[in-house]
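If you count the sequence shown from 1, position 97 lands on 235 in the working numbering, and the numbers rise without skipping.
Note that CB positions come from ideal geometry on N, CA and C, so glycine has one too.
Since we're looking at a predicted model, the values are computed, not measured.
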Amino acid sequence: MNDLSLIKKFPKDFIFGTATSSYQIEGNGFGNSGKSHWDQFAKIEGMVFNSQDGRIACNHVECWEKDLQLVSDAGFSAYRFSFSWPRLMPDGNQSLNQEGISFYD
139 MNDLSLIKKF PKDFIFGTAT SSYQIEGNGF GNSGKSHWDQ FAKIEGMVFN
189 SQDGRIACNH VECWEKDLQL VSDAGFSAYR FSFSWPRLMP DGNQSLNQEG
239 ISFYD
């Protein structure tokens, strides 16, 4: 079975989509963002390959328009993404970070 034969089995109105996670693509080194549990985890020696962290990730912050074009070019009709709560609420409390909100707007 090849890829095309599998796709032909889906109903014509089926919506193919893709998804991303904020920490995995955005990074966390900009916009007055707070620290997440992943930032703390990545600091622990031996927990992350080559001691890499998510400060830059794949730089979606700078490349988001190209990234969304890739989603469209791949033929996806739906895209699910997550918000970075440390970006929206850096202190983990009730104060909102306008710079973080503006990124998602």
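Alpha-carbon to alpha-carbon, residue j and residue i
{"i": "Met-139", "j": "Lys-147", "result": "Note on Met-139: pLDDT 44, under 50, position unreliable in the model; the coordinate value appears next. Cα-Cα distance, rounded: 12 angstroms."}
{"i": "Ile-239", "j": "Thr-156", "result": "23 angstroms"}
{"i": "Val-199", "j": "Glu-237", "result": "12 angstroms"}
{"i": "Gly-165", "j": "Trp-223", "result": "12 angstroms"}
{"i": "Leu-234", "j": "Gly-169", "result": "12 angstroms"}
{"i": "Cys-196", "j": "Lys-150", "result": "33 angstroms"}
{"i": "Gln-190", "j": "Gln-232", "result": "30 angstroms"}
{"i": "Ile-194", "j": "Lys-173", "result": "13 angstroms"}
{"i": "Asp-243", "j": "Gly-230", "result": "20 angstroms"}
{"i": "Ser-143", "j": "His-175", "result": "43 angstroms"}
{"i": "Phe-241", "j": "Ile-182", "result": "29 angstroms"}
{"i": "Arg-218", "j": "Ser-159", "result": "9 angstroms"}
{"i": "Ala-180", "j": "Gly-192", "result": "8 angstroms"}
{"i": "Gln-162", "j": "Ser-220", "result": "10 angstroms"}
Residue interval of the beta strand (DSSP E) (run including residue i)
{"i": "Arg-218", "result": "216-218"}
{"i": "Gly-192", "result": "Segment: none, Gly-192 is in no beta strand (DSSP E) and carries neither H nor E."}
Close Cβ partners of residue i (< 6 angstroms) along its chain, the five nearest in sequence each way excluded
{"i": "Ala-123", "result": "Residue 123 lies beyond the range of the chain shown here (139 to 243); nothing can be said about it."}
{"i": "Gly-184", "result": "none"}
Residues sharing a beta bridge with residue i, DSSP
{"i": "Gly-155", "result": "Ala-216"}
Endpoints, alpha helix (DSSP H) assigned at residue i
{"i": "Ser-160", "result": "160-163"}
{"i": "Glu-237", "result": "236-242"}
{"i": "Glu-200", "result": "198-211"}
{"i": "Pro-86", "result": "With the chain represented from 139 up to 243, any question about residue 86 goes unanswered, as that position is not in the structure."}
{"i": "Lys-181", "result": "175-181"}
Cutoff 8 angstroms; reference residue i; Cβ partners in own chain excluding five residues on either side
{"i": "Ser-171", "result": "Ser-222, Pro-224, Arg-225, Pro-228, Asn-235 and Gly-238"}
{"i": "Ala-212", "result": "Thr-156"}
Residue i: CB within 7 angstroms of a non-hydrogen atom of the ligand FMN
{"i": "Ser-160", "result": "No copy of the ligand FMN occurs in the structure displayed, which carries no ligand at all."}
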